[in-house]
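Number of protein chains: 2
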Amino acid sequence: MTPAQNRIAPSSKGIPEATIARLPVYLRALTQLLEQDICTISSSELAEAAGVNSAQLRKDLSYLGSYGTRGVGYDVEYLILKIGRQVGWSQEWPVIIVGLGNLGTALANYAGFSSRGFHIVAMVDVAPEQVGRKINGVVVSDLGELESVITGTGAAIAVIATPPVAAQLVCDRLVEQGVTSILNFAATVLTVPDGVTVRKVDLGQELQILAYHEQRKAGGAFDCPTLLPTRAMPHFLVAKENEMK
Amino acid sequence: MTPAQNRIAPSSKGIPEATIARLPVYLRALTQLLEQDICTISSSELAEAAGVNSAQLRKDLSYLGSYGTRGVGYDVEYLILKIGRQVGWSQEWPVIIVGLGNLGTALANYAGFSSRGFHIVAMVDVAPEQVGRKINGVVVSDLGELESVITGTGAAIAVIATPPVAAQLVCDRLVEQGVTSILNFAATVLTVPDGVTVRKVDLGQELQILAYHEQRKAGGAFDCPTLLPTRAMPHFLVAKENEMK
DNA sequence: TTATGTGAAAGCGTTCACAGCC
DNA sequence: GGCTGTGAACGCTTTCACATAA
């Protein structure tokens, strides 16, 4: 990814990834403020609305430029404009979704996408019962048409919501056709060439991280003498465990 | 959150957050290996399967203990056991879902939860047409019963998939009843007391981060003289923009 | 000889604290 | 007086490189 980012190097090079990930949060906080007719805001107030430290907010904004007024704060509209431009609000992004199970269908209907400038222009699935179905006015295409659908829509961003086994295959075909940004909901590590950006959202993993903390709160990862076997852990492992003692 | 973590301090204190977030990834890679009847694996091979650096993998595992054999590698089953215990695989976690729109319903049906030891024990929604519906054998309760549902099930982990405006209110009620881990899909910053862990999944934000990178690849955040107004950006902002020049 | 486990070094990200400007 | 913008300090994460053990 590093070589790819060097290759790009546009006008404003070198905004840290961590900052980029927070820009959308600021953007939402700001639009909410605007709806309340608040025109000016200080870094500490905006920071609280965004759930971050005020020093962090100022540093983040400083990467974009000096858009505040000392002694006063930031002009909400102007800041929205400047951050919005960075995040690509000045254009509509065509997006295609591959895999229309429960999750894929929910994503296709998700209002949070269209309200932020993303437009689902195509959907693709293997299951014959899905193909031909209409979601939000767009017809689901067959997986075989994946290539023509991409070139036809010109989408550079794709969402993968297939079962894990299919994900890498689909990914390869997407990249082959020029997709350069992928949001991956499949529980697999995707391998992509330089220049392609992948973000992974693993719902099971998120819960497992919570479970880790939960266990800690309850009294730690007890290295108890007798293991309690449950559906969560495959049976043969329980046997293995006892053998190890 | 820091004071909360100090208060906990169980047996194995001080595994870095970044490591914890990767444990589930290792766990899945390992279980896949086991299904292929691979019993032993080196750090570099496992690292590749998990999509990380081999030095990173070794360092991560070293926080849990010395479970490898020098010159050989790791015993897959034993490692699954050890990591699994850390992540809480040794027990079933009851989880409740609040908000059963498209996303909430998809989550309720999501197989990746149950396969990892999470059991949806209750679901809650305000909409009368949702209440009483059965998903995976569990009936959707009315929002008014939220408190009794939590105490009845003893769930410590909750998923919020409500509209943004309702999220903080629901969150407060959850915390009030003893929920200490929350997975938040609502596009809002949640405020919680110390001792409560929140993880946020913002789907729109993920796409915006991709859009940022996409824009960079296409040639940068053009500070172009004429702004192209689109549905993505509210109209009044376009006016503002021109006025600023 | 091979591959783990781990101090030490390098790289990032966050926070501090204050100079600079309104 | 008040708040931004930012160098410097700090802490966390990753990577390196090698001593250590099978």
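Sequence order for the protein chains is A and B.
For what it's worth, my numbering labels the leading residue of the first sequence as 1009, then goes sequentially.
For what it's worth, my numbering labels the leading residue of the second sequence as 1009, then goes sequentially.
All residues carry an ideal CB built from backbone N, CA and C; glycine is no exception.
query	result
A1058(A) to E1137(A) span [Cα, whole Å]	43 Å
Classification of R1078(B) by the beta-carbon crowding that lies within 10 angstroms, buried from 16 upward	exposed
Counted within 10 angstroms of its Cβ, other Cβ atoms place E1214(B) as buried (16 or more) or exposed	buried
Interface residues of chain A facing Y1220(B) [CB-CB closer than 8 Å]	I1028, L1031, Q1094, V1095 and G1096
Where the region 1160-1188 of chain A meets chain B: residues whose CB sits under 7 Å from a CB there	A1164, I1165 and T1188
Secondary structure of P1102(B), DSSP reduced to three states	strand
is_contact[G1022(A), chain B] using C-beta, thresh 8 Å	no
Outcome for K1090(A) when other beta-carbon atoms lying within 10 angstroms are tallied against a minimum of 16	buried
Contact under 8 Å by Cβ, I1105(B) with A1169(B)	yes
Integer Cβ distance of R1124(B) from Q1223(A), believed to fall under 8 Å	Not a contact, Cβ separation roughly 14 Å.
Chain A residues whose Cβ lies nearer than 8 Å to that of E1214(B)	L1191, R1207 and V1209
Residue of D1202(B), L1108(B), S1189(B) and V1146(B) minimising C-alpha distance to A1219(A)	S1189(B)
Beta carbon of D1180(B) nearer than 8 Å to that of A1195(B)	no
Cutoff 7 Å; reference I1049(A); Cβ partners in own chain excluding five residues on either side	L1041, G1081, Y1082 and V1084
Of the listed residues T1039(A), Q1044(A), R1066(A) and D1045(A), nearest to T1051(A) (C-alpha basis)	In the sequence as presented, Thr is not what sits at residue 1051(A); that position holds Ser. Measuring from the Cα of S1051(A), the nearest candidate turns out to be R1066(A).
Reduced DSSP secondary structure (H/G/I, E/B, other) of N1192(B)	strand
Residues, ordered as in the chain, of the region 1068-1093 of chain B that lie near chain A by beta-carbon distance below 8 Å	E1085, Y1086, I1088, L1089, G1092 and R1093
Within-8 Å CB hit, L1108(B) to chain A	no
Chain B contact for N1061(A) (CB, 8 Å cutoff)	no
Y1118(A), DSSP secondary structure in three states	coil
Run of the beta strand (DSSP E) containing R1207(B), from where it starts to where it stops	T1205 to K1208
Integer Cβ distance of V1139(B) from V1148(B), believed to fall under 8 Å	5 Å
Check whether V1129(A) and L1035(A) have beta carbons under 8 Å apart	no
Proximity test, Cβ basis, 8 Å: Y1118(B) and chain A	yes
Range of the contiguous alpha helix (DSSP H) that encloses D1045(B)	Here D1045(B) belongs to no alpha helix (DSSP H), and DSSP marks it neither H nor E.
Residue from R1141(B), Y1075(B) and L1031(B) whose Cα sits closest to the Cα of W1097(B)	L1031(B)
Proximal residues to N1117(A) (C-beta, below 8 Å), its chain only, five neighbours per side dropped	I1143 and N1144
Collapsed DSSP secondary structure at V1080(B) in the structure displayed	coil
Residues that Q1223(B) contacts on chain A, provided the C-beta gap is smaller than 7 Å	G1096
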